[in-house]
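Shown next, in structure tokens, is the structure this report addresses.
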Amino acid sequence: MKKISVIVSVYNEEKVLNDFYIETKNVLEQCCWDFEIIFVNDGSHDNSLALLNEIVNKDNKVKVISFSKNFGHEAAMIAGIDYSSGDGVVCMDADLQHPPELIPKIIEKFNEGYEVISMVRTKNQDAGLLKNITSTMFYKILNMMSPVKFENNASDFFAIASNAANVLKKEYRERMRFLRGYVQIIGFNKIVIEYEANDRRAGESKYSIKKLVNFSINALLSFSDLPLKLGIFSGLIVAIIGFILMIYTIYTKLVYNAPSGYATIIVVLCFMFSLMFIIIGIIGEYIAIIFAEIKNRPIYIIKETKNLKSIDESEE
Ligand code: UDP
Ligand code: MG
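Counting from -13, one number per residue, gives the positions in the sequence shown under our numbering.
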């Protein structure tokens, strides 16, 4: 019998965990595949871990990985994938925005031979107008700048077969990750399923504006080198403007014997320096990514696991 691994990242989700578990388990029990639910506790400091321990004690299909601190949603999904043993893996949020009722449809697609299933939301009631607009803009800019084509409104709700999961387990161990991006570039037999995102069942969104901005910048820099080329483009344009200015200055000097312009010098200096600093800043961002890669620090640190063997043991 085939098995599906459901991976759930949990960060301070005490208000929704029980609902999530009950509803998801109900759906999974009616599926024709065996299942495991791997909760990844991403350094929660509310009652989430105690609740997870209660669940794991009464249900041996549930597994728990606990991080030593908050490493972020992407790291949590990676850890879940690392420890998954199913023939198919589904990543989901704990707040029930990703409807568990779609799991049978995902399994159906696996049975049809699809290996990468991107879930694309058609509607997100919960997100306000601002979040919806910025999210659409983000995908537009990303698609403009990156050679990779992203589904608009791709979410962290996706499913991959074990062969694709193995690729993520062994390759793509970058420090700055954008899992949605990997799902687009690894190839395999791909299909898109559209879904309507539910409202968050309870609690608040854990993605602050700051986290979202960082996340978007990382995604852009990891999947595009266009910003680096900005230096060449703007350098060329400034050189052309500079050349025209030079001819003009020589002309006015020779023909009208005009006095040299102090204001012009200041304007040109300000323009040149701001341009230079912007370009140095962009190069700096890429160097920061290289620096993070070279340090090779762990993507996540596990404090304890429940009902799970360590990866080394399970490989033996
Ligand atoms: N999450 C996490 N670590 C974090 C932030 C969020 O594991 O640092 C989890 C969170 O518990 C939830 C999922 O990631 O299961 C999505 O987060 P959230 O619902 O807050 O994001 P939103 O849906 O508002 O974008
Ligand atoms: Mg959510």
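From the three backbone atoms N, C-alpha and C, an ideal C-beta is built for every residue, glycine too.
The structure presented is a predicted model; accordingly, all values stated were derived computationally and were not measured.
Separation of residue j from residue i, as counted between CA atoms
i: Glu302; j: Gly267; result: Because Glu302 carries a pLDDT of 43, less than 50, the predicted location of this residue cannot be relied on, and no value is offered for it.
i: Ser34; j: Met63; result: 17 Å
i: Lys155; j: Phe164; result: 14 Å
i: Ile226; j: Ile233; result: 11 Å
i: Thr120; j: Gly114; result: 10 Å
i: Ile89; j: Leu38; result: 21 Å
i: Tyr181; j: Gln83; result: 10 Å
i: Asn293; j: Lys44; result: 11 Å
i: Ser148; j: Phe174; result: 11 Å
i: Asn243; j: Leu231; result: 16 Å
i: Lys109; j: Met78; result: 17 Å
i: Ala151; j: Pro85; result: 22 Å
i: Ile190; j: Asn200; result: The question names Ile, but residue 190 is Glu in the sequence shown. Answer to the nearest angstrom: the Cα atoms are 19 Å apart.
i: Thr291; j: Asp32; result: 18 Å
i: Asp142; j: Lys289; result: 24 Å
i: Leu116; j: Lys126; result: 15 Å
i: Glu15; j: Glu137; result: 31 Å
i: Lys295; j: Phe53; result: 15 Å
i: Leu224; j: Lys1; result: Just to set this straight, residue 224 is Val in the shown sequence, not Leu. Rounded to whole angstroms, Val224 to Lys1 spans 56 Å at the Cα level.
i: Leu261; j: Ile203; result: 20 Å
i: Ala65; j: Ile218; result: 40 Å
i: Asn184; j: Phe263; result: 44 Å
i: Cys17; j: Ala278; result: 42 Å
i: Ile41; j: Leu3; result: 10 Å
i: Val13; j: Glu87; result: 6 Å
i: Asn118; j: Asn97; result: 33 Å
i: Ser(-5); j: Ala36; result: 15 Å
i: Asp20; j: Arg283; result: 35 Å
i: Met258; j: Ala249; result: 14 Å
i: Cys256; j: Gly247; result: 15 Å
i: Ser194; j: Ser208; result: 21 Å
i: Ile236; j: Pro245; result: 11 Å
i: Glu9; j: Ile67; result: 22 Å
i: Asn139; j: Thr238; result: 56 Å
For residue j and residue i, believed in contact at Cβ under 8 Å, the rounded distance
i: Val26; j: Ile(-10); result: That belief does not hold up - the Cβ atoms of Val26 and Ile(-10) are roughly 16 Å apart, past 8 Å.
i: Ser307; j: Met131; result: The structure shown does not extend to residue 307, since the chain is modelled only from -13 through 302, so no value can be given for it.
i: Asp73; j: Lys(-12); result: 4 Å
i: Ile51; j: Val76; result: The Cβ separation is near 16 Å, so there is no contact.
i: Ile265; j: Leu216; result: 6 Å
i: Ala61; j: Glu(-1); result: Actually they are not in contact, since the Cβ atoms of Ala61 and Glu(-1) sit about 16 Å apart, beyond 8 Å.
i: Val153; j: Ile171; result: The pair is not a contact, with the Cβ atoms about 10 Å apart (cut-off 8 Å).
Residues that residue i bridges to, as DSSP identifies them
i: Cys77; result: Ile(-7), Phe144
i: Thr291; result: Ile51
i: Val106; result: Ala140, Glu180
i: Asn27; result: Val(-4), Ser52
i: Asp20; result: Lys(-11)
9 Å Cβ cutoff met for residue i and residue j
i: Leu214; j: Tyr272; result: yes
i: Ile269; j: Phe57; result: no
i: Arg187; j: Asp28; result: no
i: Ala145; j: Val106; result: no
i: Tyr7; j: Ile24; result: no
i: Met162; j: Ile275; result: yes
i: Val367; j: Gly228; result: With the chain covering only -13 through 302, there is no way to say anything about residue 367.
i: Lys305; j: Tyr(-3); result: The structure shown does not extend to residue 305, since the chain spans only -13 to 302, so no value can be given for it.
i: Ile251; j: Arg159; result: no
i: Val169; j: Ser104; result: yes
i: Gly99; j: Val134; result: no
i: Lys49; j: Ile179; result: no
i: Lys55; j: Lys11; result: no
i: Leu128; j: Leu206; result: yes
Closer than 9 Å to chain D by CB, residue i
i: Lys95; result: The chain labelled as chain D is not found in the depicted structure, where only one protein chain is given.
May I have all residues whose beta carbon comes closer than 6 Å to any heavy atom of the ligand MG, sorted in chain order?
Asp79, Asp81, Gln83, Arg186, Ser191
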